[in-house]
Amino acid sequence: MERVPAAIADALQRTIEGGGRICVLTGAGMSAESGIPTFRGTHDSLWSRFDPMQLARAEAWCADPALVWGWYRWRMQLVRDAQPNAGHQALADLARRVPLALVTQNVDDLHERAGSTVDAHVHGSLFALRCFACGRTHHGPLDDYVDGQQKVAPLRCTACGDAIRPGVVWFGESLPDEAWNTAVDAATRCALMLVVGTSGLVYPAAGLPALARRHGATVVEINPEPTALSAEADHVWRSTAAQALPQLLAV
Ligand code: NAD
Ligand code: ZN
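If you count by the working numbering, then the sequence shown holds residues 136 to 386, one letter each, in order.
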C-alpha cells in the first residue's frame, strides 16, 4: 500500500496537534474512481461528440434545451448508479476526527452519500432543479430512466411554464453567494488545504488554494497529473483520491 509522503504526514500531524483547521477542495477527479467521468475524460455516449464546455452554458440551453437536458439527465443517471469511493469515505472519516471544511466543485452527491457534510457546493448540484425563467425550485419527477443516447424535453415549471434547468453553475454564471462566501471563509481560516482532483482551470474556485496560502496555510495537491495549481502547492502527491486519502487516516 502507498505511504503518505513524509512532508505531507508532517503537515497533517502539525495541523492536528496545533488544533488547526483543514479545508479540502475537491474537483471532478475525486469522483473519477466512482466511474463518473471528469470533463477532460472520454466516454462512450452520444455526448462524447459534444464538448462539455459548449453544453454547460445558458446559450446552449437556449439553443437546444432538449440536448442539454438529455446530457444532464445522463449525468444524473451516472451519479445515481455510482457509489462513493474509498476517498469520499476517508474524508468523511477524517472529518469525525479533525475540524474539516469540505468545499467541492462537484455537482454530484457522492460526498454526502459517504457521510460527509459538504460545507460548500460552489458549482451547485445536479439535483437542485430550478426554473430557467422564475428561479422556483423543483423536485422532478426524475424517475424515468434515460440511457444516455437521447435528447430529453425538459420538465415545465408549474408556476410560469418555462423549462426547468439543473441547479448547476454554468460557464459565464456567477457562483452562489452563500457557498462562495463559505468557501472563502474556509480557505482563509484553514491551516492545511488539501486540493484533490481538480485541474485548477475554472475560476474563481481555482483561486482558493492561493488564498489559503496567502493566509498562511500549507497547500497539498493530490492528483495523479500535474495541474495549473501544482506550482503553488507546498507539497504534491501524485496519487489518486481513492488511493491517497485513506492513507491520511493512518497518520
Ligand atoms: P477537470 O475535469 O477539469 O479535472 C479533473 C482533474 O482530476 C484532473 O486534474 C485530473 O488529473 C484529476 N484526476 C483524474 N483522476 C483522478 C483521480 N482518480 N484522483 C484524483 N485526481 C484525478 O475537473 P475540475 O477541476 O473539477 O473542473 C471542471 C468542472 O467540471 C467543475 O466545475 C465541476 O463542477 C465539473 N464536473 C463535475 C463532475 C462531478 O460532479 N463529479 C464531473 C465532471 C465535471
Ligand atoms: Zn418558473
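Note that the Cβ used here is the ideal one computed from N, Cα and C, for glycine as well.
When the alpha-carbon of K286 is set against those of M165, T375, A201 and T150, the nearest one is in A201. Not one heavy atom of the ligand NAD is found less than 8 angstroms from the C-beta of Q218.
Scanning A377, Q382 and P289 for the CA closest to the CA of S169 turns up A377. Distance from the CA of L380 to the CA of A225, rounded to the nearest whole angstrom, comes to 6 angstroms. The three-state secondary structure of R348, taken from DSSP, is helix. Chain order is used for the residues whose beta-carbon lies nearer than 5 angstroms to a heavy atom of the ligand NAD, namely G162, A163, G164, S166, A167, E168, I171, T173, F174, R175, Q240, N241, V242, D243, H258, G332, T333, S334, V337, N358, E360, T362, T375 and A376. Judged by DSSP secondary structure, L160 falls within the beta strand (DSSP E) whose first and last residues are I157 to T161. Shown here, S334 sits in coil according to DSSP, grouped into three states, outside any helix or strand.
A distance below 6 angstroms between beta-carbons, with the five flanking residues on each side excluded, links M211 to the following residues of its chain, in chain order: L261. Take the alpha-carbon of A347 and the one of M165: they are about 20 angstroms apart. Of A340, A141 and W372, the smallest CA-CA separation from A163 is found for A340.
Using a Cβ distance threshold of 9 angstroms, L213 and P172 count as a contacting pair. Apart from sequence neighbours up to five positions away, the residues of its chain that approach A191 with a beta-carbon distance below 6 angstroms are W305 and F306, ordered along the chain.
DSSP places I357 in the uninterrupted beta strand (DSSP E) bounded by T353 to I357.
For T362, the secondary structure class from DSSP, reduced to helix, strand or coil, is coil. Here the C-alpha atom of L343 lies approximately 8 angstroms from the C-alpha atom of A318. DSSP lists C158 and V354 as the bridge partner or partners of M328.
Taking C-beta atoms as the reference points, G332 and I299 fail to come closer than 9 angstroms. According to the DSSP assignment, C197 belongs to the alpha helix (DSSP H) that extends over A193 to A198. Membership of G302 in the beta strand (DSSP E) is indicated by the continuous run I299 to V303.
For G259, the enclosing beta strand (DSSP E) has its first and last residue at G259 to C266. Here L235 is bridged, per DSSP, to I157.
CA-to-CA, the gap between T323 and S251 works out to about 21 angstroms.
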